[in-house]
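These protein sequence lines map, in sequence, to chains A and B. Residue 486 is where the first sequence ends in the numbering used here, and the numbering goes up by one at each step. Residue 486 is where the second sequence ends in the numbering used here, and the numbering goes up by one at each step.
2 protein chains.
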Amino acid sequence: MTNTSQEDLILGARLRALRERAGLSQRALAKKTGVPNSTISLMESGKTNPSVGALRRVLDGIPVSLSEFFEFEPEMEKTTFYAAEDLPEIGKGRLSLKQVGTDLLGRAMMILYETYEIGADTGRVMYVHEGEEGGVVISGRIEITVDDQRKILGPGDAYYFDSKRPHRFRQIGPEPCVLVSACTPPTF
Amino acid sequence: MTNTSQEDLILGARLRALRERAGLSQRALAKKTGVPNSTISLMESGKTNPSVGALRRVLDGIPVSLSEFFEFEPEMEKTTFYAAEDLPEIGKGRLSLKQVGTDLLGRAMMILYETYEIGADTGRVMYVHEGEEGGVVISGRIEITVDDQRKILGPGDAYYFDSKRPHRFRQIGPEPCVLVSACTPPTF
DNA sequence: TCGTCATGTTCAGAATACTCAAAATGTGAA
DNA sequence: TTCACATTTTGAGTATTCTGAACATGACGA
């Protein structure tokens with residue numbers, strides 16, 4: 299059963315509008331792209347839920363990028379508040395990273411609530427990447443190495459450096475270390 | 299014949315990266331979206347040319363918009379460590395803001411260690427400015443108003459929003475509230 | 001080692017998008 | 001009206017996605 303959905307109708311209407319604005323008929327677009335005109339017809343009338351590949355080939359002929367094509371979709375409002383237990387945990391082993399928000403794409407920063415268990419260490423291989431990062435230690439102690447600088451930070455202490463400088467984090471002392479950090483851009 | 303195409307492989311790899319960054323397993327995402335985990339598996343391994351509808355439902359669960367998803371790329375030695383007592387305090391009155399670093403010019407972010415004493419309030423006039431901001435509550439409770447959304451956050455809770463949305467912070471309860479925040483760019 | 005849990009992959013069948021061809025529908029001119 | 005042409009829609013068969021269950025693997029304790 300072909301279940302003409304609301305989304306398919308909107309998608310089809312938009313495709314039709316774009317095609318017509320380009321001054322192309324279904325057949326002309328079909329010839330240009332290799333996609334049968336019947337396929338285009340079905341898409342435009344919302345009678346089908348097109349595959350990404352087919353839609354891509356059709357849009358190439360107009361031409362419109364997939365990203366542009368979907369910009370009309372109502373942007374879902376990004377979440378603002380996060381309960382403590384809802385922060386997605388992306389850490390593993392002795393290092394727990396709770397990330398503020400899952401939808402990093404399109405955001406400027408990534409904010410993390412980090413817990414370093416006893417012995418946690420980002421490892422001998424130093425991290426090097428684009429961006430800048432900084433943070434504040436909440437409890438416990440941590441040794442941070444940046445370039446050839448090494449420092450042990452405690453509660454209230456903070457840091458900030460360019461992520462291109464090789465860096466390493468290592469928990470120190472008898473209690474876990476908790477810190478809040480931010481980095482930009484949110485690459486990982 | 300399943301003709302694993304280059305595009306499907308790229309699309310799949312990107313989907314997998316986004317899902318993993320959100321800290322979700324294929325099954326968790328399947329449960330959240332109603333799309334079988336097998337479908338997600340096939341998409342990610344590039345063994346299928348997914349329909350727009352299926353892809354949309356999967357992306358909604360991450361969440362990432364279709365438009366963002368298809369945005370394929372085409373297209374000094376500053377101080378590093380800061381002792382707790384050296385963080386410059388720029389707050390006044392009941393609100394104490396300890397800033398990580400003094401040399402904000404040329405930096406991408408500003409990181410703050412904020413203490414809201416009893417009754418502290420950024421005021422009835424809501425803040426509106428360029429940039430994005432987010433943070434994690436360490437102790438105490440705070441009421442955050444963004445647009446017409448209002449929420450009380452406690453230890454471990456977090457927030458993130460576009461600073462153009464009018465916002466206000468107000469300490470709540472019998473103990474001061476401490477939080478670590480970051481904003482970009484570091485305008486103030 | 002075994003069991004248990006969580007993860008990703010594979011399979012055969014059901015559902016449906018895709019294709020090619022032909023049938024409607026529309027448009028303008030004589 | 002009639003023709004000629006162009007455009008979109010429809011239909012039947014094929015190809016492929018989608019589904020649900022089973023399979024395979026890895027991690028972690030008892």
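Ideal placement from N, C-alpha and C gives every residue a C-beta, glycine not left out.
Contact with chain B by residue i, beta-carbon distance below 8 Å
i, result
"Val434 of chain A", "yes"
"Glu369 of chain A", "yes"
"Pro464 of chain A", "no"
"Ser343 of chain A", "no"
"Gly471 of chain A", "no"
"Val275 of chain A", "No statement about residue 275 of chain A is possible, as the shown extent of chain A runs from 299 to 486 and does not include it."
"Val350 of chain A", "yes"
"Arg354 of chain A", "yes"
"Val362 of chain A", "no"
"Leu393 of chain A", "no"
"Ala311 of chain A", "no"
"Glu430 of chain A", "yes"
"Leu357 of chain A", "no"
"Phe467 of chain A", "no"
"Ser365 of chain A", "yes"
"Gly399 of chain A", "yes"
"Ala320 of chain A", "no"
"Ala406 of chain A", "yes"
C-beta neighbour in chain A for residue i, strict 8 Å
i, result
"Tyr457 of chain B", "yes"
"Leu403 of chain B", "Only weak support is given to the placement of Leu403 of chain B: the predicted model assigns it a pLDDT of 48, under 50, and the value that follows is read from those uncertain coordinates. Taking Cβ atoms only, chain A never reaches closer than 8 Å to Leu403 of chain B, which makes this a no."
"Ala480 of chain B", "yes"
"Val426 of chain B", "no"
"Glu415 of chain B", "no"
"Glu305 of chain B", "yes"
"Ile409 of chain B", "yes"
"Ser323 of chain B", "no"
Pick from the options that is closest to residue i, judged by C-alpha positions
i, options, result
"Asp446 of chain A", "A:Ile440, A:Pro464, A:Arg439, A:Gly454", "A:Pro464"
"Leu313 of chain A", "A:Ser349, A:Ser343, A:Gly332, A:Arg439", "A:Ser343"
"Pro348 of chain B", "B:Gly332, B:Asp455, B:Asp306, B:Ala456", "B:Asp306"
"Gly399 of chain A", "B:Val426, B:Ala418, B:Glu431", "B:Glu431"
"Val333 of chain B", "B:Ser365, B:Arg354, B:Lys345", "B:Arg354"
"Leu316 of chain B", "B:Gln469, B:Leu364, B:Gly438", "B:Leu364"
"Arg392 of chain A", "A:Ala352, A:Arg468, A:Tyr458, A:Ser479", "A:Arg468"
"Met341 of chain B", "A:Val350, A:Tyr457, A:Thr482", "A:Val350"
"Ile409 of chain A", "B:Ser479, B:Gln304, B:Gly359", "B:Ser479"
"Ile442 of chain A", "A:Gly452, A:Asp460, A:Ile338, A:Arg466", "A:Arg466"
"Ile360 of chain A", "A:Glu318, A:Lys396, A:Cys481", "A:Glu318"
"Gln397 of chain A", "A:Cys481, A:Gly452, A:Ile470, A:Val444", "A:Cys481"
"Leu451 of chain A", "A:Arg439, A:Asp460, A:Val444, A:Phe459", "A:Arg439"
"Asp460 of chain B", "A:Met407, A:Leu309, A:Lys345, A:Pro453", "A:Met407"
"Gly433 of chain B", "B:Val426, B:Pro453, B:Gly417, B:Gly421", "B:Pro453"
Distance between beta carbons of residue j and residue i, contact taken as under 8 Å
i, j, result
"Lys462 of chain A", "Glu428 of chain A", "7 Å"
"Val435 of chain B", "Asp455 of chain B", "5 Å"
"Phe367 of chain A", "Leu357 of chain A", "6 Å"
"Tyr457 of chain A", "Tyr457 of chain B", "Their Cβ separation, rounded to whole angstroms, is 23 Å, which puts Tyr457 of chain A and Tyr457 of chain B out of contact at 8 Å."
Start-to-end residues for the beta strand (DSSP E) that takes in residue i
i, result
"Tyr309 of chain B", "Note that residue 309 of chain B is Leu in the sequence shown, not Tyr. Unbroken run through Leu309 of chain B is the alpha helix (DSSP H), 304–319; no beta strand (DSSP E)."
"Glu431 of chain A", "430–437"
"Arg466 of chain A", "465–470"
"Ser461 of chain B", "Counting along the chain, Ser461 of chain B falls outside any beta strand (DSSP E), and DSSP gives it neither H nor E."
"Val478 of chain B", "475–482"
"Lys449 of chain B", "447–451"
Residue i: first and last residue of the uninterrupted alpha helix (DSSP H) it sits in
i, result
"Asp358 of chain B", "350–358"
"Met408 of chain B", "Met408 of chain B -> not in any alpha helix (DSSP H); beta strand (DSSP E) instead, spanning 408–414."
"Lys330 of chain A", "324–331"
"Ser394 of chain A", "First-last for Ser394 of chain A: 393–397, but that is the beta strand (DSSP E), not the alpha helix (DSSP H)."
"Ser336 of chain A", "335–342"
"Ser365 of chain B", "364–367"
Exercise for the section: State whether the region 326–334 of chain A contacts the region 320–327 of chain B, with contact taken as three or more CB pairs (one from each stretch) at a distance under 8 Å. Expected result: no
Problem - Contact the region 405–416 of chain A vs the region 466–485 of chain A: 3+ CB pairs below 8 Å - result: yes
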